[in-house]
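Encoded as structure tokens, the structure appears first; notes follow it.
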Amino acid sequence: MLQLTGVVDARQMREQYLDRMDIERERGITIKSQAVRLPWVGRDGQDYVLNMIDTPGHVDFTYEVSRSLAACEGAILLVDAAQGIEAQTLANLYLALANDMQIIPVLNKIDLPSAQPEKYANELAKIIGCDPAEVLRVSAKTGEGVTDLLHAIVEQVPSPKGDPSAPARALIFDSVYDVYRGVVTYVRVVDGAIRARDRILMMSTNEVHELLEVGVISPEPTSAAGLVAGEVGYLITGVKDVRQSKVGDTVTISGKPAAHALGGYQEPKPMVFSGLYPMDGSDYPALRDALDKLKLNDAALAYEPETSAALGFGFRCGFLGLLHLEIVRERLSREFNLDLISTAPNVIYRVQMDDGTELIVTNPSEYPTGKVAMVFEPMVRATIISPSEFIGAIMELCQSRRGNLLGMDYLSEERVEMRYELPLAEIAFDFFDSLKSRTRGYASLDYEFTTEKSADLVKVDILLHGDAVDAFSAIVHKDKAYNYGVQMATKLRELIPRQQFEVPIQAAIGARIIARETIRAIRKDVLAKCYGGDITRKRKLLEKQKEGKKRMKMVGKVEVPQEAFIAALATNNGDAKSVKS
């Protein structure tokens, strides 16, 4: 599309043009939505302007998709002609249908030898209720069928509705931080017009700024005289305070403001929580600034300060999923040069005490010590699409994760859609990896939060020399507590260096010890100088050493090196590096 509409010439063209981040290119996934303006001449000879948003596909970035849908009139449902529709694509399709959008079904990669366009056209037609002949067949690699697709967009997608003479209203759907120019805000103008040098008002914060530049993204930022109703572009005010540009806010002209703000977006609910701590305590202010700037570009990120006895000052961060956590960590490391330790991810629990009080627990250290009546954990409705030969392996995996089968439908003779109710805590670790390995990479997963259910959960503490280390604590199901305790104790025995005295590593539920490992003391050779001679002298030296060790055991502190924390937590958090959309 970029090449056919002429916005990118052959010399500038490269693979994954709209994936601007290095992480996106390396992993082969889209993380950030990218807007682009395309000029096109229709079959009727008229000039049209198409504003397209390229959105991510992974379940952790559904919030990016829902925001983009609120700014659009139609959607292209893009499906691989060799693989068929994936669970995440199906979830995004339902989002688009809920927004009452015009859907254009398209099969891509028809040039592949393994492509089966007829088979998957029938599957798509069955899902969205159209004729298989209406499913367009294209190849982004060769350009075949793309011209027909652009004509179909012009003919099928309705023009934006808006009043050009009404007071200006524009919806902020994204923003980024530029070191030289400050906050760059991306908007979709709904009513009226916004021009350079206008004084604009942010309706949620009542802040007034002077516009330094207005422009369009085509696909590089290009300044323009202004933006009118229906257009998508960017605004630059030179503001450096990142909190003044909020995604979902309405922009209007301060001299002639609009009476009502636009609907905006639903606030995303974090699903997975993890602590982020700088390796060097002096980097704490830098981490806070970095999170502020990242929040501007990633509205789904939530964070608040917290302290840990073991790791010092840091932030408790909320993410939409494990891949989201991994990407945020990677971006903080690459874009802001921060070395970070992240604690094991966990979900939100609601705890009811015997006396009727309720607590929300986002961190194992917040788990109450009194008598607990009930613990409620978040549940999700997971949709798995897979070749039917893997049904047994998927059922076995879901049952081992406390899953409950809700239903199963065959999309075609070879492909099945399975719906499960699962605890979010069971999905948030290595479920995706296990699913991919059991189905040879063919299964796709999507999930949405549904409700809360009571579960038999306990807090497992890890004690070093009798003292609990909050960074290693975890809330787990009672049946898995023993395994977690044994696994953590064994791991720490290998990671923590030997001390001058014996160090017990214990896993405990409340006051009950469920697992133990011991780090043996270093025995200094005090008899090195005693060759030959009287045995009583040697015994006297050894007794003296034993007394010293006993005294040291009473007052000594266990030194846990930073590397041990990193290794224990990294191997514990179900490394998500292999999670791909």
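All residue numbers for the sequence shown refer to full-length UniProt numbering, where the first residue is 1 and numbers rise by one.
Virtual Cβ for every residue (Gly too), placed ideally from N, Cα, C.
Here the structure is a predicted model, which means the values were calculated and not measured.
DSSP links Gln-46 through a beta bridge to no other residue. Nearest to Ala-140 by C-alpha distance, out of Ala-115, Asp-111, Ser-165 and Pro-117, is Asp-111. Classified as exposed, Gly-143 has fewer than 16 neighbouring CB atoms from the shown chains inside 10 Å of its CB. Nearest Cα to Ser-68 within the set Leu-90, Asn-99 and Leu-136: Asn-99.
Taking a 10 Å sphere around the C-beta of Ile-253, we find 16 or more other C-beta atoms and assign the residue as buried. Put simply, the backbone Cα of Phe-336 is about 17 Å away from that of Arg-181. Taking all protein chains shown into account, Glu-231 has 16 or more neighbouring C-beta atoms within 10 Å of its C-beta and is therefore buried. Within the model, the alpha-carbon separation for Ala-299 versus Thr-89 is close to 22 Å.
For Ser-473, the closest alpha carbon among the candidates Thr-383, Asn-363 and Ala-70 is that of Asn-363. Contact check for Leu-464 against Ile-505 passes: the beta carbons are separated by less than 9 Å.
In this structure, Gly-233 keeps its C-beta atom at 9 Å or more from the C-beta atom of Met-271.
Residue range 221-223 is occupied by the beta strand (DSSP E) that includes Pro-221, with no alpha helix (DSSP H) assigned at that position.
Ala-508 is a Cβ neighbour of Asp-461, given a cutoff of 9 Å.
Between Val-183 and the set Gln-545, Asp-54, Lys-293 and Arg-512, the nearest pair of CA atoms involves Lys-293. Shown here, Lys-453 sits in a strand according to DSSP, grouped into three states. Across the set Thr-357, Gly-192 and Glu-220, the C-alpha of Gly-192 shows the shortest separation from the C-alpha of Leu-171.
No residue range can be given for Cys-530, since it is assigned to no beta strand (DSSP E) and is classified by DSSP as neither H nor E. Rounded to whole angstroms, the gap between the alpha carbons of Ser-66 and Arg-520 is 56 Å. Counting along the chain, no beta strand (DSSP E) covers His-465, and no H or E run does either. Taken through DSSP and simplified to helix, strand or coil, Asp-54 comes out as strand. Closest in C-alpha terms to Leu-340, from the list Gly-314, Gly-321 and Phe-173, comes Gly-314. Arg-316 carries a strand assignment under DSSP once its states are collapsed to helix, strand and coil.
Nearest to Asp-467 by C-alpha distance, out of Ser-454, Ala-121 and Ala-511, is Ala-511.
A Cβ-Cβ contact shorter than 9 Å links Ala-515 with Met-488.
Around the beta carbon of Pro-423, a 10 Å sphere encloses 16 or more other beta carbons of the protein chains shown; the residue is thus reported as buried. In the structure shown, the three-state DSSP call for Ser-218 is coil. Pairing Ile-104 with Gly-74 gives a Cβ-Cβ distance under 9 Å. DSSP places Asn-108 inside the beta strand (DSSP E), whose first and last residues are 102-108.
The beta-bridge partner set that DSSP reports for Gln-352 consists of Glu-358 and Met-374. One thing to note: Tyr-420 has its Cβ within 9 Å of the Cβ of Ile-384.
Sequence-distant partners of Val-361 (beyond 5 residues in either direction) whose C-beta falls short of 6 Å from its own C-beta, in its chain, are Tyr-349, Val-351 and Tyr-367. According to the DSSP assignment, Ile-194 belongs to the beta strand (DSSP E) that extends over 193-195. Per DSSP, Val-347 lies in no beta strand (DSSP E) segment and is marked neither H nor E. The beta carbon of Thr-237 sits closer than 8 Å to the beta carbons of Gly-182, Val-183, Thr-185, Ile-200, His-209, Glu-210, Leu-211 and Leu-212 from its chain, once the five residues preceding and following it are set aside; these are given in chain order. Our two residues, Lys-453 and Leu-124, have alpha carbons roughly 35 Å apart in a direct line. By the beta-carbon neighbour count (other beta carbons within 10 angstroms, threshold 16), Gly-275 is buried.
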